[in-house]
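Numbering (my numbering), first residue to last: 4 to 247.
All C-beta atoms, glycine included, are put in the ideal place defined by N, C-alpha and C.
As the structure is a computational prediction, the values presented were derived from the model and not from experiment.
Below you'll find the structure, written out as structure tokens, and then a few comments.
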Amino acid sequence: MGKQVVPESARRRRRPTKNGAVLSERLIVETALRMLAEHGGQGLTARRLGLALGADPSTLYRYFAGMDELTLAIGAELVGRALDGWRPTGDWRADLRRLGLRIHGAYLAHPQAAVLTASRVTGREQETAVDEAILAVLRTAGFPDPDAVRIYHAFIDQSLAFAALDAASLALPAAAREADEHKWESTYARLSAASHPNIAATAGLLAARMNHSAYPAALDMLLDSAAGQLGRATGREATRPSGA
4 MGKQVVPESA RRRRRPTKNG AVLSERLIVE TALRMLAEHG GQGLTARRLG
54 LALGADPSTL YRYFAGMDEL TLAIGAELVG RALDGWRPTG DWRADLRRLG
104 LRIHGAYLAH PQAAVLTASR VTGREQETAV DEAILAVLRT AGFPDPDAVR
154 IYHAFIDQSL AFAALDAASL ALPAAAREAD EHKWESTYAR LSAASHPNIA
204 ATAGLLAARM NHSAYPAALD MLLDSAAGQL GRATGREATR PSGA
């Protein structure tokens with residue numbers, strides 16, 4: 004028989020930590036986010052987290068079964084922040100575009116945490132709330148369920164994939180990131196038209212674009228495709244014989 008799940012109110016320390024704070028899941032997650040920003044994924048350990056909280060590391064296991072469960076909670080916190088202040092307006096395309104950009108931005112605000120969590124499926128409340136919101140927008144817009152699920156899949160995976168890619172760049176040491184960014188001018192812009200005619204012809208455009216995220220453009224392409232599909236589906240519905 005599995006262990007009984009104890010609600011957080013029953014797990015909470017009755018006395019403040021050495022830092023004067025009462026532990027909670029939220030405090031632990033927020034402290035872990037700060038530590039990830041300062042030390043990266045390798046620096047997040049139960050011992051270091053306990054020191055930062057002013058608590059014995061063993062106390063953390065009253066709230067999380069292990070560090071992997073904490074990692075999932077961090078991921079859920081990031082994606083959940085995308086819903087803060089977001090409300091559907093009834094314009095499905097605009098609503099999904101805003102939500103996608105908010106998901107991407109929430110992860111990029113914490114690049115070290117994004118690298119650690121963007122590929123995970125947490126199953127936690129914040130994550131399921133985002134998934135429910137996306138599916139609600141699509142189904143309300145009139146997408147049949149198979150299409151709604153397919154577009155949801157592409158939408159959320161695209162958002163998280165670009166978040167992971169862009170966060171990985173931001174998480175690099177500053178010198179390495181600057182060197183990568185400079186390659187478009189120091190290397191690509193100097194390639195010969197004889198050997199690389201297409202790169203040479205577009206070098207200025209490449210230098211202007213390639214150090215910025217392609218996510219907004221990719222998101223628009225996805226939504227354009229979905230809008231075309233919905234239009235075709237609506238047309239088919241309109242011409243379908245009565246009783247078909």
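Buried versus exposed call for residue i [16 or more other C-beta atoms within 10 Å across all chains shown]
| i | result |
| --- | --- |
| A117 | buried |
| V124 | exposed |
| V32 | buried |
| R212 | exposed |
| H42 | exposed |
| S228 | exposed |
| G238 | exposed |
| V82 | buried |
| G78 | buried |
| L208 | exposed |
| A85 | buried |
| G234 | exposed |
| L175 | exposed |
| H107 | buried |
| A179 | exposed |
| A220 | exposed |
| D98 | buried |
Residue i, enclosing alpha helix (DSSP H) - first and last residue
| i | result |
| --- | --- |
| M38 | 28-42 |
| F146 | Here F146 belongs to no alpha helix (DSSP H), and DSSP marks it neither H nor E. |
| G108 | 95-111 |
| M70 | 70-83 |
| D183 | 177-189 |
| G53 | 49-56 |
| R214 | A quick correction: the sequence has Asn, not Arg, at residue 214. Counting along the chain, N214 falls outside any alpha helix (DSSP H), and DSSP gives it neither H nor E. |
| L119 | 114-120 |
Nearest to residue i (by Cα), restricted to the options the options
| i | options | result |
| --- | --- | --- |
| A157 | N201, T190, G103, L175 | G103 |
| G93 | S216, T190, A136 | A136 |
| A121 | P60, G44, G57 | G44 |
| A167 | T74, A55, Y110 | Y110 |
| A236 | L26, D150, A68 | D150 |
| G126 | L75, L47, G57 | L75 |
| S189 | A58, L30, A203 | A203 |
| N214 | W187, Q232, L138, A177 | W187 |
Under 8 Å between C-beta atoms of residue i and residue j
| i | j | result |
| --- | --- | --- |
| G148 | Y218 | What sits at residue 148 in the sequence shown is Asp, not Gly. In this structure, Y218 does not lie closer than 8 Å to D148 by Cβ. |
| L39 | H113 | yes |
| S216 | F165 | yes |
| A206 | A192 | yes |
| Q129 | E80 | yes |
| A35 | L73 | yes |
| V141 | W95 | Residue identity differs from the one stated: residue 141 is Leu in this sequence, not Val. Cβ atoms of L141 and W95: closer than 8 Å. |
| E28 | Y66 | yes |
| A68 | P60 | no |
| Q161 | L222 | yes |
Heavy atom of the ligand NAD within 7 Å of residue i beta-carbon
| i | result |
| --- | --- |
| V32 | Judged by which ligands are present, the structure shown has none, so any question about the ligand NAD falls away. |
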